[in-house]
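Participant: Throughout the sequence shown, residue numbering follows mature numbering (1 follows the signal peptide of the UniProt record, and there is no 0), covering -24 to -1, 1 to 723 in sequence.
Note that the Cβ used here is the ideal one computed from N, Cα and C, for glycine as well.
Okay, here's the structure, questions in a sec.
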Amino acid sequence: MKYNFVSCVVVLMLSCCFSLEVSAAVKLNKPSVRFNAFLRHCNCKSSRTALLFQRCVLEMARISQIEGNFQFRERSQWWSVTMLSVCVHFPGLTESVIAAACSRVGQSVLHLDRRNYYAGNWASFTFNGLLSWIEQYKNQQEVQITELEQVWRSLIDEGEDAVPLSALDSSISNLEVFCYASEEEEKEEDTKTPLTSFQPVNAETVSEETNGDSTEAHDTVTGDDTTASDAKTPNEEHEVSEPKEEQHTSDISEPSQSQEEKESQLSSSPADPPVEVEKKITYQKLVKEGRRFNIDLVSKLMYSRGALVDLLIKSNVSRYAEFKNIGRILTYRNGKVEQVPCSRADVFASKQLTVVEKRMLMKFLTFCLDFEQHPEEYQDYTEKPFREFLKNKKLTENLQHFILHSIAMVTQHTLTEEGLKATQHFLRCLGRYGNTPFLFPLYGLGEIPQCFCRMCAVFGGIYCLRHSVECLVVDKASNKVKAVIDTRGQRISCSHFVVEDSYIRDEQRQSTAYRQISRAVLITDRSVLPSESDQQISMVTIPPLESSAPAVRMVELCSSSMTCMPGTYLVHLTCSSSGKAQEDLAPVISQLFHVSTIPGEEPSEGAEERSKPAVLWVMYFNMRDTSALDSSSYSLPSNVHVCTGPDDSLCSDYSIKLAESVFHHILPDEEFCPPAPNPEDIIYDGDGPQDEGPGFDESTNTEADKSLAEEEGATHEKSPSTENSEPAEMDSVTQQAPLDMTPASEE
């Protein structure tokens, strides 16, 4: 039976809602054209229909897979997941990239996770979802997990051995939460805000919630119109934008009234406009508007010429996401926050530097761009700290601080050559997408792993949440993993197994020396450095407050980054741990923010604390950093590939390089993440190249094709937002600037 576009979507929706089994006749012998064959089977002839069909069906199929109701059929035979090329456990960023790369070159991939959300420790949560995650963490610590070894022991054959995996995730520790916002109930008149509120949601829908509630974003850098926020319906967008119209037209009684009526109304209005009273943000308000938050467990930025951005462009995964420029580089010095001049324009416009300092800084930065060509300048300092080299260059204390902490972003003990390379990389990233070298993905960093998960699913990867692997089955003769056993007692054969470090037991480790990362997440009421534009993302470097304290990196996100509700800021603090996260970061927070002793209490009039942003809510936790470990640190079979979690660096380059290394170990002769084809480039099996054009006027041979073309036209007229670019425009974006374009100014 062949399905048209509408019937396929309806059947998939019924599968999700009523647990119906859905079978899709898909050719499995050619993984690269697997989805194309399915589209052809469903009578989708044109590229426009293929794109729309792909986006709708894949989302529904993904949900159906999660619920365990989706099955595949090959030539009238039920196909179960029994033999895989790669089995991936725990979908962090590294694992998601590996899965996408393997699926892209035709490998069969199964991605399992015991959690009910994507991205693991790289995930983004709504505020309500984060509260649920905190409760899950507390329950995990209190409940003793019993391992039912008798379930999988019976599945181990002679000549095989079992390697059990850890059932308890210990990568997060010392989690503490404090609320400083008023907990009093909000009055009805105070809740009338220009933006609509949403009902609280749970953690199970976090992957959908990260898509956000508004498409407004200033200075955004977009990849393709097929973004991570495509899950929104036109109705949802209308619900958000409509109150904004009311806000801007609140002085107009009728849209059709004449100009004279408008002038008479204005003349009769009071001379003094009403004074806006600043509304107090309460805890109930945060919960009520919780869906507007997208809170990352990991705080990182993206260098515009870093490994992650290069991979997004190369693989065409950039089409699934949108990005925003980091507007300001700030630093904390002499008890106040200052803006760091890093580009040529910033240096000459800076009022913090004298004319002599500007010349000295430009001369030094010019030298750093090609310092390898002048080894005589630094060869005497290769084994000495970068700080001493800066002093030797006769730079002032002001310039030394900016270069060491905000441009190179290194420590006092970093060697000179490493500091020069860091400065050079910073400078080379300037100007590609803006005046700073950094980008940030809208809706949070958790969008990036989900983008690669989507790419993996497009090319046949299977995802299953709330499903885990109990143990590995090892062949004693070859000392390689030949299968895994899941929580339901099913044995699944696989050639390679990719797993995150937190699932490995201590008995399989040869080294248990870990570093820790201290993290704090704050919700505040205003920026640490107010400016004319309050919609800027800021990166703040905070030098050690004491000789024994670590340097702290702070990222302040505004509401246009789609990570917090309007009127608030989301602040991430990160540093290397010297103790508990609260002990490391609370002194820094008290220097930059007002922390009330009583929830909802405001500082007294005239107090210095009144000029500081107020902390409404804060969460501290430590995260394990295993980036120093390698394959020799584990006593595991050679086809088990252990990926480390997030490290304490500012960017994600380490995770991307690790993913590429693991991929080439699995498939040494394959290209890493080749570009995904554009929807208009699809060539169906047995057909010649399709004529260019939307396909509405093409002649059809059957009545079904005619009706399909009519449905296409109706869909295109009703939902233009699902396809914002013509094929030619998409080609130019992909070839010239996949993350596209230099953003508008902040004003």
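For residue 528 and residue 505, which I take to be in contact (beta-carbon distance under 8 Å), what is that distance rounded to the nearest angstrom?
Facilitator: In this structure residue 528 is not in contact with residue 505, their Cβ atoms being roughly 16 Å apart against a cut-off of 8 Å.
Participant: How big is the Cα-Cα spacing for residue 152 and residue 558?
Facilitator: 8 Å
Participant: If I measure Cβ to Cβ from residue 214 and keep anything under 6 Å in the same chain, skipping five residues before and after, which residues do I get?
Facilitator: Confidence is the limiting factor: at residue 214 the pLDDT is only 37, short of 50, which leaves the residue's position unreliable and the question unanswerable from this model.
Participant: Out of curiosity, what's the CA-to-CA distance linking residue 158 and residue 106?
Facilitator: 19 Å
Participant: Thinking just about the alpha-carbon of each residue, which of 522, 492 and 589 is nearest to the one in residue 532?
Facilitator: 589
Participant: Can you tell me whether DSSP reads residue 361 as helix, strand or coil?
Facilitator: strand
Participant: For residue 409, which three-state DSSP category applies?
Facilitator: coil
Participant: For residue 74, count neighbouring Cβ atoms within 10 angstroms of its own Cβ and tell me buried if that reaches 16, exposed if not.
Facilitator: buried
Participant: Taking only the alpha-carbon atoms, compute the straight-line gap between residue 726 and residue 471 and give it to the nearest angstrom.
Facilitator: Here the chain has residues from -24 to 723 only, and residue 726 is not among them.
Participant: With contact counted as at least three CB pairs below 8 Å, one residue from each stretch, are the stretch 84 to 93 and the stretch 433 to 449 in contact?
Facilitator: yes
Participant: Identify whether residue 78 lies in helix, strand or coil by the three-state DSSP scheme.
Facilitator: helix
Participant: To test your reading of the DSSP string, which unbroken beta strand (DSSP E) runs of 3 or more residues are found completely within the stretch 532 to 617?
Facilitator: 545 to 552 and 591 to 601
Participant: Given a cut-off of 7 Å, decide if residue 628 and residue 70 are closer than it, judged by their beta-carbon atoms.
Facilitator: no
Participant: So, with DSSP's three-state summary, where would you put residue 474?
Facilitator: strand
Participant: With a floor of 3 residues, list each beta strand (DSSP E) that falls wholly inside the stretch 415 to 489, ordered by position along the chain.
Facilitator: With a minimum length of 3 residues, the continuous beta strand (DSSP E) runs that stay inside the stretch 415 to 489 are 438 to 440, 445 to 451, 456 to 462 and 467 to 476.
Participant: What does a CB cutoff of less than 7 Å around residue 290 pick up in its chain, not counting 5 residues either side in sequence?
Facilitator: Only 649 and 651 meet the Cβ criterion.
Participant: Going by alpha carbons, who is nearest to residue 564 out of 429, 452 and 494?
Facilitator: 494
Participant: In angstroms with no decimal places, state the Cα-to-Cα distance between residue 144 and residue 312.
Facilitator: 43 Å
Participant: Cα-Cα, which of 503, 388, 452 and 601 is closest to residue 522?
Facilitator: Nearest option by C-alpha distance: 388.
Participant: Given this structure, state the Cα-to-Cα distance separating residue 280 from residue 571, to the nearest angstrom.
Facilitator: 35 Å
Participant: So, helix, strand or coil for residue 63, using DSSP?
Facilitator: strand
Participant: For residue 353 and residue 323, I'd like the C-alpha separation in whole angstroms.
Facilitator: Answer to the nearest angstrom: the Cα atoms are 23 Å apart.
Participant: Please list the terminal residues of the continuous beta strand (DSSP E) segment that includes residue 155.
Facilitator: 148 to 155
Participant: Going by the CB atoms, is the gap between residue 541 and residue 265 shorter than 7 Å?
Facilitator: yes
Participant: Taking the alpha-carbon of residue 376 as reference, which of 510, 399, 355 and 76 has the nearest alpha-carbon?
Facilitator: Here the closest residue by C-alpha is 399.
Participant: Could you give the distance in angstroms between the alpha-carbon of residue 598 and the alpha-carbon of residue 260?
Facilitator: Using only the alpha carbons, I get a separation of about 27 Å.
Participant: At the level of alpha carbons, what is the spacing between residue 384 and residue 345?
Facilitator: 12 Å
Participant: Rounded to the nearest angstrom, how far is the Cβ of residue 468 from that of residue 78, given a contact under 8 Å?
Facilitator: About 16 Å; that fails the 8 Å criterion.
Participant: Just checking my contact of residue 97 with residue 284 at CB under 8 Å: how many whole Å lie between their CB atoms?
Facilitator: Rounded, the Cβ-Cβ distance is 17 Å, inconsistent with contact.
Participant: Tell me which same chain residues have a C-beta within less than 8 Å of the C-beta of residue 407, skipping the five on either side of it?
Facilitator: So the list reads 319, once near-sequence residues are dropped.
Participant: Please list the terminal residues of the continuous alpha helix (DSSP H) segment that includes residue 396.
Facilitator: Run containing residue 396: 392 to 404, per the alpha helix (DSSP H) assignment.
Participant: Taking 8 Å as the limit between beta carbons, can you name the residues of its chain near residue 374, skipping five residues before and five after?
Facilitator: Sequence-distant Cβ neighbours of residue 374 in its own chain, meaning closer than 8 Å and more than five residues away, are 328, 329 and 333.
Participant: Please report how far the alpha carbon of residue 434 lies from the alpha carbon of residue 110, in whole angstroms.
Facilitator: 32 Å
Participant: Expressed to the nearest angstrom, what Euclidean distance is found between the alpha-carbon atoms of residue 609 and residue 403?
Facilitator: 36 Å
Participant: For residue 623 versus residue 601, is the C-beta distance shorter than 7 Å?
Facilitator: yes
Participant: What is the C-beta distance between residue 552 and residue 491, in whole angstroms, given that I count them as a contact (C-beta under 8 Å)?
Facilitator: Contact between residue 552 and residue 491 holds: CB atoms are separated by about 7 Å, below the 8 Å threshold.
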